[in-house]
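Colleague: Please see the structure below; I have some questions.
Protein chains: 2
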Amino acid sequence: MTYKIKITDRKGNCKQMKIVIIGGVAAGASAATKARRTNENAQIVLLEQGEYVSFANCGLPYYVGGTIPKRDSLLVVREELFRKRYNIDVRTLSQVTKINRSKKTVTVLDKRNNTTYEESYDKLIIATGARPFVLPFLKDCKNSYTCFTLYDVDKIKEAFSAAPVKKAVVIGAGYIGMELAEQLNLLGVDCTIVELKSSILPQFDKEMTNPVVYTLKEKGVDVKTGVSVVDADVIDGVAKRLKLSNGEEIECDVVFQTAGVIPNVELAREAGLEVNRGIVVNNKMQTSDPDIYAAGDAVEVKSIITGKNVWIPLAGPANKQGRVAGCNAAGGNLEFKGVVGSSIIKVFDWALAKVGLSETECKDQGLNYNVTIVHPLHHAGYYPGGKQLTIKLIFDSTTGRIYGAQVIGKEGVDKRADVIATAIYAGLTVFDLENLDLVYAPPFSSAKDPVIMAGMTASNIIRGEVKNILPDRVFEHLDNPDYIILDVRTPEEYEFGHIKGAVNIPVDELRNRLSELPKDKKIIVYCGVGFRSYHGCLILKANGFDCLNMSGGWTSWRMYYPDMVE
Amino acid sequence: MTYKIKITDRKGNCKQMKIVIIGGVAAGASAATKARRTNENAQIVLLEQGEYVSFANCGLPYYVGGTIPKRDSLLVVREELFRKRYNIDVRTLSQVTKINRSKKTVTVLDKRNNTTYEESYDKLIIATGARPFVLPFLKDCKNSYTCFTLYDVDKIKEAFSAAPVKKAVVIGAGYIGMELAEQLNLLGVDCTIVELKSSILPQFDKEMTNPVVYTLKEKGVDVKTGVSVVDADVIDGVAKRLKLSNGEEIECDVVFQTAGVIPNVELAREAGLEVNRGIVVNNKMQTSDPDIYAAGDAVEVKSIITGKNVWIPLAGPANKQGRVAGCNAAGGNLEFKGVVGSSIIKVFDWALAKVGLSETECKDQGLNYNVTIVHPLHHAGYYPGGKQLTIKLIFDSTTGRIYGAQVIGKEGVDKRADVIATAIYAGLTVFDLENLDLVYAPPFSSAKDPVIMAGMTASNIIRGEVKNILPDRVFEHLDNPDYIILDVRTPEEYEFGHIKGAVNIPVDELRNRLSELPKDKKIIVYCGVGFRSYHGCLILKANGFDCLNMSGGWTSWRMYYPDMVE
Chain A
1 MTYKIKITDR KGNCKQMKIV IIGGVAAGAS AATKARRTNE NAQIVLLEQG EYVSFANCGL
61 PYYVGGTIPK RDSLLVVREE LFRKRYNIDV RTLSQVTKIN RSKKTVTVLD KRNNTTYEES
121 YDKLIIATGA RPFVLPFLKD CKNSYTCFTL YDVDKIKEAF SAAPVKKAVV IGAGYIGMEL
181 AEQLNLLGVD CTIVELKSSI LPQFDKEMTN PVVYTLKEKG VDVKTGVSVV DADVIDGVAK
241 RLKLSNGEEI ECDVVFQTAG VIPNVELARE AGLEVNRGIV VNNKMQTSDP DIYAAGDAVE
301 VKSIITGKNV WIPLAGPANK QGRVAGCNAA GGNLEFKGVV GSSIIKVFDW ALAKVGLSET
361 ECKDQGLNYN VTIVHPLHHA GYYPGGKQLT IKLIFDSTTG RIYGAQVIGK EGVDKRADVI
421 ATAIYAGLTV FDLENLDLVY APPFSSAKDP VIMAGMTASN IIRGEVKNIL PDRVFEHLDN
481 PDYIILDVRT PEEYEFGHIK GAVNIPVDEL RNRLSELPKD KKIIVYCGVG FRSYHGCLIL
541 KANGFDCLNM SGGWTSWRMY YPDMVE
Chain B
1001 MTYKIKITDR KGNCKQMKIV IIGGVAAGAS AATKARRTNE NAQIVLLEQG EYVSFANCGL
1061 PYYVGGTIPK RDSLLVVREE LFRKRYNIDV RTLSQVTKIN RSKKTVTVLD KRNNTTYEES
1121 YDKLIIATGA RPFVLPFLKD CKNSYTCFTL YDVDKIKEAF SAAPVKKAVV IGAGYIGMEL
1181 AEQLNLLGVD CTIVELKSSI LPQFDKEMTN PVVYTLKEKG VDVKTGVSVV DADVIDGVAK
1241 RLKLSNGEEI ECDVVFQTAG VIPNVELARE AGLEVNRGIV VNNKMQTSDP DIYAAGDAVE
1301 VKSIITGKNV WIPLAGPANK QGRVAGCNAA GGNLEFKGVV GSSIIKVFDW ALAKVGLSET
1361 ECKDQGLNYN VTIVHPLHHA GYYPGGKQLT IKLIFDSTTG RIYGAQVIGK EGVDKRADVI
1421 ATAIYAGLTV FDLENLDLVY APPFSSAKDP VIMAGMTASN IIRGEVKNIL PDRVFEHLDN
1481 PDYIILDVRT PEEYEFGHIK GAVNIPVDEL RNRLSELPKD KKIIVYCGVG FRSYHGCLIL
1541 KANGFDCLNM SGGWTSWRMY YPDMVE
C-alpha cells in the first residue's frame, strides 16, 4: 500500500495533494479522517452545508423522545477535533453548488455571508447523502417536521417545549417513522402512523411485522396502512387536519414526514458523472471520473447477493464506504466489497432485523427460492427467561445459497441476523448453517442455535426429506377438495384454535390412525411450530402418503392471519 | 438421499434394519431420533447405562444453585416420548460391556437385575460420552461430588438439604467449575476454586480472564491458581481438609471435582476400532468399522482451522454429530464438517466467549500469527447503556486468515463471538471482517460494529499502516534503553495511572512537539484503547519515527497487569 502520491503541477513540480470532501456527516466524516490517517501531508478540506459535522443521525428519534437525554451526545466528532487532531480544514454552512471537472474546482456558497468562491481539488469526494421526501402541500407548514438533521430535531424540541403536543401524525412507517412513533408514544403523545404500503416497515415481508402492529395498537399507536396522505387543511401555515386516500381525515398538532429519502445526486449528475438511482462507483468508490470518489447515501453499490447495483441508504455501509473513499483518494488502496443489505429496528420490546432479500424481493427478481420459518427460544428452554424468536430464512431451492432472512423477537434477534449476514457475505448455503459451530451455554443459546435450526429445516427441505408449504399457500387451498389439512397437536391445543376444517390426529397417535387418512389427497400437516408436523410428515411419507409440512405451524399461521377467527 | 437400506440376512432375504445406540444423552439421543426420522421402518434400540436419557447436562450447575428451579426442566425428552413418538426401544440402566464386531452384537449388562445379554445390530452408534476426572484420594469420600449427571446433582441437592453447607471447594476452574462456583456463591456458600493451571478458564489466554478474577474476589469467591490438590484429610469417609501443592490446607464441607473429563473410549478401543485421544471417525461419523458410527464427547473430529483432529467435548458439536451419525446409520447421507471450537460461559455479570484458537494455542502450534485487541462499546456510544467489550482477535500475520478470537464483556459478547465463529467456519480473513455488513441501529450496535473494528485494526496491521505490539511484549522492553514509551492521552488520564517511565504528549499536541522525541529509538505509543495512539503512530511514521502501537492501550495493559501499581 502506497501512502504518498506524487501530485505534480502543470510544470511537473511536486506539490501537496489536496482532497476536498463534500458533506461532513457519516460517509464524509469517515472519508476525511481516513484520508488524514492515510496521508499526513495532504491538504484536506471538508465542506458541510449544515451547521454540524459528524452528528449521530441514527440517534435523532431517540433524542426527540428523551431516550438520549443530552443533545451533546449526538455530536460524535466535533469540528474542533477535526482541526486539532486531524488537521482538517472544516467549513460548515458551506454548500457546494457546482463541480467544475475540467478546472478541478468546486463552487462553494458560504451561507454565513452568502458569498461564493471556488475551491480547487486534486481528488474530490462526494458524500452529499440524501434528503427526506416531503409532501408538497406540507412543505411550508410550521408544524410539519422531518427528522434528519440536528437542526430538524432542535425545531421539534422547541415546538414540544413551546406548547403541549397531544396528537401527532407520522407519515411513513419505515425505520425513522417507527422509531419516532415509539418515542412519541413514550412521551405520551397520541400518535397515528400512516403508511402507503400495505404494511409497516415495508422492507419486511408483511407477516413478519404483524406481531409488532399488535403491540403498537396495544400501546395506543394508531396504525393505518395501505393509505396515503393526499391533502391537508392548512390554516395560517399550520396543518390542522390531514386527508387520506381512503377519505378519512385525521386531526394533528404536529406532522412528521418520514416517508423515505431521496439521494442527493444532482451535483454529480450536473457534473456529468454516471448516475442511476445513486451515483455509480467501482469497488474503490471511484465515480466515472477517476479523480472523483463518492460514498454514502448518494451512491449505489454492488449487492453481494445479486451482483447488481442497489441503493441502500444506511449508516453502516456509509461509514465503510467513506473510509474506503477517503483512503483511496489519499493514495491508499482499499476495496468496498458490497452490501448484504442488513438492518434492524427496535419497536418497544420488539427487535426486527432483515439481512439480504425479503421473500417479496426474491419474487420480484424471479429467483428460484424456498422459505423456512422457525420459532425457537432464544436460549436453552430449560434455562429461565427464554424468549421466542421467529426466523424466516429464504434460500435457493436447488443450491441452498442463502438469499436473506428476517428475524423478529424480543431477545437475541441481532445475533441471529448478524450470523446470517456473515454467512451471506461469505456465500454460504443452508447446509453450512446447519453445521455452524456457534457458542453455547444455557444463558446464551441452545445446543442447536436458532440459526442452526433454521439451517437444518431448510437443508431437510432441499434434501427432499420433507416438502414444505407456507401459510399463504395453505390459505389458497383451504377449500380445495384435493387437499386435507392435518393438525397433529394435542386435542387441547386444537380446541384452543386451529385452521378451519383441519382434522386432528396427535402425532403420537399417527402410526395407529393412518387408516383415517386418504391416500389420494395431498395432506398439509401442521403443529405448533413445525417440528411435530415434520415428524408427522416423515411417518406419512414412509407409509405412502403425499404430504406437506406447513412451515412454522400454527405460530406462523397466526403471524400471517392474526385477525382470522377459527 | 436414500432412506431405505436393503439389509439382507445370510440367506439374502430382506429384513428390517436394526440400529443400536450406546448412550442416550446428547449425541446418543440426537442420533436415535434422527435415525427414526431418516428411517421409519428400522428397529432402533437405545441403551443408556444411567437412569435417564436426554437430560440437560449443561443445566446441572444451574439446578444446583436454584437458577433452574425445577428438576423436571432438565429432562429434555422423556423415555416415554422416545417410545411413543419415535418408536424407539429405550433401555435405561443398560450398560454395554463389550462390542463383538465379528458377530455384530453388543453385550449388555442390565443393571436392574444384574444379568447380561447380547443384542445384535446392523449398524451401531457409539455415543458413550465422557466421564469426570476424579482424584484417587477423594474417590470414595461421601462429601465429594462430580456434576455430570442427574444422579450427581440429586446427591448434591440431598446433601445441601440434609445439613447446612458453609464451605465448598471446587477443584478445577473450567466451565463447569466456574458455573458451580457462581451458583454456590449465589446460595451463600463460602467457595474456594483451586486450579492447577496458572489462570481460571485455562482455555482462554490469561489476560482475558483477569477481569473476571477481580469480580470473583469481589463476590467473595476465593481463587487459587497454579496449585493442585495433592491430598486430603479423610475422616470417616468425609474429606475434612484438602492439602495443596503449595503446602496450604483448606477446610471444606463439600468438594466438587470439576477438573476436566475423560472420553469413554475403552469399549471402542477394546473392539479394535481406531482410537487416539478420542474415537477416530470420518466426516460421516463412521469409525474404522463402516458399520459402527460414533458421536459426541467420545470422538475426535477435524478442526476447521488446522485440519487436524481435535477432541473438544461440547454439547453443540455432540448434538450435530449425533444427528449425522443417526442419519447415516439409518441410510441417509449427512456430513459433519468439523469444529471451530466455540464456547461461552457466564460468570456473574460477565460473559466470556472463545472461538477458534487462543494465542497460546497458536504459539504451541507454531503458527505465524498476529493479534489485535479492541475495547469498543457493545452499542452506539450516544445511546444509553453501552457496555465495554474486549475482543482479542488472532489472525495469520500474512494472509489475515482468522485463527481465533476471545470476547469478554457484559453485553453482546455472544453475538460477536458467533459472527467470528461463522467467519472462521467460512475461511474468511480480517479483510472480510472489516467489510461485513452487520445490522445496525443504536440499541444494538455501532455503525462500525466491534467485530468490524477488530477487523479494521487487524487489516491495518497487515497492510503495514501501523506496527502493533502487545502489552506483554511492551513489558519486556520496560527497561530497554532502545525503546521509549509514549502516552498520548491527556495529562489527566496520564496522572490517573500510566506505564512506568512513559512520556506524556497528548495526541492533539503531537505534531507540534515532535522535536521532543528521539529518532534513534523505537517509540511504543499507547492511549486509552488504541485509537488515539494509532493516529499518533501515523503522525510519527509520516515524520520518520520508528513506532509501534500498543494494542488496546491502557485498557489492555490493565488486563495483562491488573495488580501492577505505577
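Chains as they are written, first to last, in this note's numbering: chain A, 1 to 566; chain B, 1001 to 1566.
All C-beta atoms in this analysis are idealised placements derived from N, C-alpha and C, irrespective of residue type, glycine included.
Can you find a C-beta in chain B that's less than 7 Å from the C-beta of R85 of chain A?
Modeller: yes
Colleague: Run through the stretch 156-197 of chain A for me and flag every whole alpha helix (DSSP H) of 4 or more residues, listed as ranges in chain order.
Modeller: 175-186
Colleague: For a contact meaning CB atoms closer than 7 Å, what does E1040 of chain B contact in chain A?
Modeller: Simply L538, I539, A542.
Colleague: Could you compute how far the alpha carbon of R1513 of chain B sits from the alpha carbon of A1315 of chain B?
Modeller: 57 Å
Colleague: Is the CB-CB distance between V374 of chain A and A454 of chain A below 7 Å?
Modeller: Taking 7 Å as the Cβ cut-off, V374 of chain A and A454 of chain A qualify as a contacting pair.
Colleague: Any residues in the stretch 1128-1150 of chain B with a beta carbon nearer than 7 Å to a beta carbon of chain A? Which ones, in chain order?
Modeller: none
Colleague: Sorry if obvious, but does the Cβ on E1051 of chain B come closer than 6 Å to a heavy atom of the ligand ZN?
Modeller: As far as ligands go, the structure on display features none, and thus does not contain the ligand ZN.
Colleague: So, under 8 Å CB-CB, L446 of chain A and A405 of chain A are touching, yes? Tell me the CB distance rounded to an integer number of Å.
Modeller: The sequence as given places Ser at residue 446 of chain A; Leu does not occur at that position. Beta-carbon to beta-carbon, S446 of chain A and A405 of chain A are separated by about 18 Å, too far to satisfy the 8 Å threshold.
Colleague: Could I get the ranges of all uninterrupted beta strand (DSSP E) runs contained in the stretch 105-133 of chain A, with 3 residues as the minimum, in chain order?
Modeller: 105-110, 115-120, 123-126, 130-132
Colleague: Is the stretch 1432-1451 of chain B touching the stretch 1351-1371 of chain B, taking contact as three or more C-beta pairs under 8 Å?
Modeller: Touching, no, given that fewer than three Cβ pairs across the two stretches are closer than 8 Å.
Colleague: Answer yes or no: does any C-beta atom of chain A fall closer than 7 Å to that of I1345 of chain B?
Modeller: yes
Colleague: Is there a Cβ from chain A that is less than 7 Å from the Cβ of G1059 of chain B?
Modeller: yes
Colleague: Could you compute how far the alpha carbon of G1412 of chain B sits from the alpha carbon of K224 of chain A?
Modeller: 35 Å
Colleague: Does the beta-carbon of I193 of chain A have 16 or more other beta-carbons within 10 angstroms, so that it is buried, or is it exposed?
Modeller: buried
Colleague: V1108 of chain B and Y1121 of chain B - do their beta-carbons sit closer together than 7 Å?
Modeller: no
Colleague: Buried or exposed: where does F1256 of chain B fall if 16 or more other Cβ atoms within 10 Å of its Cβ makes it buried?
Modeller: Buried: at least 16 other Cβ atoms inside 10 Å.
Colleague: Examine the Cβ distances between the stretch 385-403 of chain A and the stretch 261-275 of chain A and report whether three or more of them are shorter than 8 Å.
Modeller: no
Colleague: Just the Cα atoms here: how many angstroms apart are M1550 of chain B and I1524 of chain B?
Modeller: 7 Å
Colleague: What are the boundary residues of the beta strand (DSSP E) that V1234 of chain B is part of?
Modeller: First-last of the beta strand (DSSP E) with V1234 of chain B: 1229-1235.
Colleague: Report the neighbours of I1394 of chain B on chain A: residues whose CB is nearer than 7 Å to its CB, in chain order.
Modeller: Neighbourhood of I1394 of chain B in chain A, by CB distance below 7 Å: empty, with the nearest CB roughly 16 Å away.
Colleague: Among B:S1342, B:C1058, B:E1048, whose alpha-carbon lies nearest the alpha-carbon of Q1203 of chain B?
Modeller: B:S1342
Colleague: Does any residue of chain B bring its CB to less than 7 Å from the CB of G316 of chain A?
Modeller: yes
Colleague: Along the chain, where does the beta strand (DSSP E) containing I1262 of chain B start, and where does it finish?
Modeller: Where I1262 of chain B is concerned, the enclosing beta strand (DSSP E) stretches over 1261-1263.
Colleague: Taking the alpha-carbon of R1558 of chain B as reference, which of B:K1500, B:R1071, B:K1219, B:D1253 has the nearest alpha-carbon?
Modeller: Minimum Cα distance to R1558 of chain B is reached at B:K1500.
Colleague: Which partner residues of A1405 of chain B appear in the DSSP bridge assignment?
Modeller: B:V1355, B:L1393
Colleague: May I have the straight-line CA-CA distance separating M456 of chain A from G400 of chain A, to the nearest angstrom?
Modeller: 11 Å
Colleague: Out of curiosity, what's the CA-to-CA distance linking E493 of chain A and C527 of chain A?
Modeller: 9 Å
Colleague: According to DSSP, simplified to helix, strand and coil, what is W554 of chain A?
Modeller: helix
Colleague: Between F1055 of chain B and chain A, is any beta-carbon pair separated by less than 7 Å?
Modeller: no
Colleague: For Y1062 of chain B, which three-state DSSP category applies?
Modeller: helix
Colleague: Using a Cβ cut-off of 7 Å (strictly closer), state whether L1352 of chain B contacts chain A.
Modeller: no
Colleague: Under a three-way DSSP split, which group does N549 of chain A fall into?
Modeller: Looking at N549 of chain A - three-state DSSP - the assignment turns out to be strand.
Colleague: Which of the three DSSP states is assigned to T2 of chain A in this structure?
Modeller: In this predicted model, T2 of chain A has a pLDDT of only 41, less than 50, meaning its place in the structure is not dependable enough to derive any value.
Colleague: Just the C-alpha distance for T1097 of chain B and T1115 of chain B, rounded to the nearest angstrom, thanks.
Modeller: 12 Å
Colleague: Quick check on the burial criterion: 16 or more other C-beta atoms within 10 angstroms. Buried or exposed for R323 of chain A?
Modeller: buried
Colleague: In the DSSP assignment, find the alpha helix (DSSP H) that holds T215 of chain A and state where it starts and stops.
Modeller: 206-219
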